[in-house]
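Be aware that the sequence shown starts at -1, since it is given in the numbering used here, and climbs by one per residue. Note that beta-carbon positions come from the ideal geometry of N, C-alpha and C, so glycine has one too. All values derive from a computational prediction rather than experimental measurement.
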Amino acid sequence: MRYDYERVWKGDLMRRVLITGGSRGIGKAIADKFAANGYQVTAPNRVELNLEDSASIKEFINNYKDVYFDVIINNAGCNDINMIDEIKDDEIDRMMTVNLITPIKLIRGFVGKMKENKYGRIVNIGSIWAVVSKEGRTIYSATKNGIHGVTNTLSVELAVYNILVNTVCPGFTLTEMTKKNNSPDAIIEIVKNIPIGRMAEPKEIAEAVFFLGHETNTYITGQKLVVDGGFAEK
Ligand code: NAP
C-alpha cells in the first residue's frame, strides 16, 4: 500500500523514524526531537540491535521487514583514538562495522519500503573529522569520510524515489564520547579553538538532523552539514 500523505498531514498516520544509538548523547536528543514532533520513534537498544554483530543486524531487519520507516538516522558511533602504530585489529573492525558497514546494511534492509512509498529521508552522522584532521583519528576519520561517500552515492541513486540522503557532521559536542576522549583540562583547551566559545549541546545537533530528516526538506540531498560552532573554519 502506498503511504497516504493526506492522512499524514492531517495527523491520522504517524511517520516513523529509525534511529541507532538513541540511548544517550546526540542520538537521544535526536530521538526526543522527532518524538516531540509527532514521529513514532524506533530506537533499539544494544540488546535489540547490536551494531557490531551481523547476526543481530540480520535478525533486526527481518523482525521489522514489514515496517516502513520514512526516516533512518544512522547515529551510533564509536571512536577509539590511537596513533597508527598503536591501532589494534579489533578497534579497526569495531569502528568500521559500527560507523560504516552497519549503516549500509540498515539502509539496504529498509530502503525497499521507502522506494515503494516514494518517500524517504536518511541522515548519516559524520564528524568534523571528516572535514578537518587531527592525529590519532585514522580509523574514525576513514569511517566518517566513508559514511559521507555513502551519502553522496545514495543521494544520486535514490533521488528518483524522493529519498533524500544527507550527512550531519557534528563538532565537539558534550556527550559521554567527548568526556571519555578528553580530560576536563583538554576540554578547556579545545573550547579556546571554537569560535562560538563552547561545545555544542546534543540538542543543537538534533536540530540540524531534524531539519534534513523532515518532510519540509524537499530539495537538499547529498550534502555534508557541519555543525561545529565555526571550529573547522578557524
Ligand atoms: P555516545 O554518547 O558515545 O553514544 C553512542 C551511542 O551509540 C550510544 O547510544 C551507544 O549505545 C550506541 N552504540 C555504540 N556502539 C553500539 C553497538 N555496538 N550497538 C548498539 N549501539 C551502540 O556518542 P555521541 O557522542 O552521542 O555520538 C553520536 C554520533 O555522533 C556518533 O556517530 C559520533 O561519532 C558522532 N559525533 C560525535 C561527536 C561528539 O563530540 N560527541 C562529534 C562528532 C561526531 P549504548 O548506550 O548501549 O552504549
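Residue i classed as buried or exposed, judged by whether at least 16 other C-beta atoms fall within 10 angstroms
i, result
"Asn122", "buried"
"Lys31", "buried"
"Thr151", "exposed"
"Thr214", "exposed"
"Ala184", "exposed"
"Arg44", "exposed"
Residue i in three-state terms, based on DSSP
i, result
"Ala198", "strand"
"Asn73", "coil"
"Lys132", "coil"
"Gly234", "With the chain covering -1 to 232 only, the question about residue 234 has no answer from this structure."
"Ile79", "coil"
"Lys222", "strand"
"Ile99", "helix"
"Arg14", "strand"
Member of the options whose CA lies at the smallest distance from the CA of residue i
i, options, result
"Ala33", "Arg44, Arg13 and Asn48", "Arg13"
"Asp78", "Met93, Ile70 and Tyr66", "Met93"
"Phe108", "Ile70, Thr173 and Gly220", "Ile70"
"Glu155", "Glu46, Ala128, Asn72 and Arg106", "Arg106"
"Tyr217", "Ser125, Tyr117 and Ile186", "Tyr117"
"Ile161", "Leu49, Asp183, Ser21 and Leu210", "Leu210"
"Gly220", "Thr176, Gly195, Ile120 and Lys132", "Ile120"
"Met112", "Asp51, Lys56, Asn60 and Ala157", "Ala157"
"Tyr138", "Ile99, Ser153 and Arg22", "Ile99"
Whether residue i touches residue j by CB criterion (8 Å)
i, j, result
"Gly19", "Ala74", "yes"
"Ala204", "Gly227", "no"
"Lys142", "Asn80", "no"
"Arg144", "Val225", "According to the sequence provided, residue 144 is Gly. The question's Arg does not apply to it. No, Cβ-Cβ distance for Gly144 and Val225 is not below 8 Å."
"Asn115", "Tyr66", "yes"
"Leu223", "Val166", "yes"
"Ile85", "Thr136", "yes"
Inter-residue CB distance, residue i and residue j (contact presumed, cutoff 8 Å)
i, j, result
"Thr171", "Pro193", "About 16 Å separates the two Cβ atoms, so there is no contact after all."
"Thr176", "Ile24", "About 10 Å separates the two Cβ atoms, so there is no contact after all."
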